[in-house]
Amino acid sequence: MNISDQIIQLAKENNGVITSAVISEKGILRGNLKNLVDSGRLERTVRGVYILPEIWEDEFVNLQARFKKGIFSNETALFLWDLTDRTPNRYDMTFPGSYNLTNAKKEGIVCLTVKKGWYNEGAVQVKSPGGNIITVYSMERTLCDILRKRNGVDTGVITEAFKCYMSRVDKNIPLLSEYAKKFRVEERVRRYLEVLI
């Protein structure tokens, strides 16, 4: 198998997406990506992210490929969990506290940082609307996060999210309570649950 075929195979194994970072990790020169783009076997979606021509561009995958430490959170996570009917006009991503946010902010991402111990808490893998695997915070973590958000989330969005959550069969109230305690929003979560139960 030649280098070009190896790259195409790596893209196929990753839902049609390949990044220059993955190529470098495999010891393959990045110039091979340009050759594949020039020959029409790959398309460049954004800097460092390439897709097979038959694949629809997935903005969620693009962002996570470029900002590997970013986890979709807050209102973007509500959308991904189908806990809101509002399509986000900007993406919310949470990063570790020490992460350099300059490039992510240039992309228009709403960037949040959390302390190291909270960063991976509740991070799960789900399918994006395009069918690709991405990392997002769990429903329970997201509900606690939207109550903690400094600039605040619209009360109507929060109420709708809790209503949708309570109607789901896959809800996990004990886990929600555990996160509420950990993120110090126990009282606020209790108020929403009391109205809905």
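Anchor point for the sequence shown: position 72 equals 76 in this note's numbering, and the numbering is continuous, going up by one each time.
For every residue, glycine included, the Cβ atom is placed at its ideal position computed from N, Cα and C.
- Glu198 counts as exposed, since fewer than 16 other C-beta atoms from the protein chains shown sit within 10 angstroms of its C-beta.
- Counting C-beta atoms within 10 angstroms of its own C-beta, Leu84 has 16 or more neighbours from the protein chains shown and is therefore classed as buried.
- In this structure, the beta-carbon distance from Leu180 to Leu151 does not fall below 8 Å.
- Residue state for Thr163 is assigned as helix, using DSSP reduced to three classes.
- Residue range Ile7 to Glu17 is occupied by the alpha helix (DSSP H) that includes Lys16, with no beta strand (DSSP E) assigned at that position.
- Three or more beta-carbon pairs separated by less than 8 Å link the segment 60–80 to the segment 133–141, which places the two stretches in contact.
- Between Thr117 and Glu164, the beta carbon gap of about 27 Å keeps them out of contact (Cβ cut-off 8 Å).
- Rounded to the nearest angstrom, the gap between the Cα atoms of Ser43 and Ile177 is 53 Å.
- Rounded to whole angstroms, the Cβ separation of Ile22 and Leu14 is 5 Å, and the two are in contact under 8 Å.
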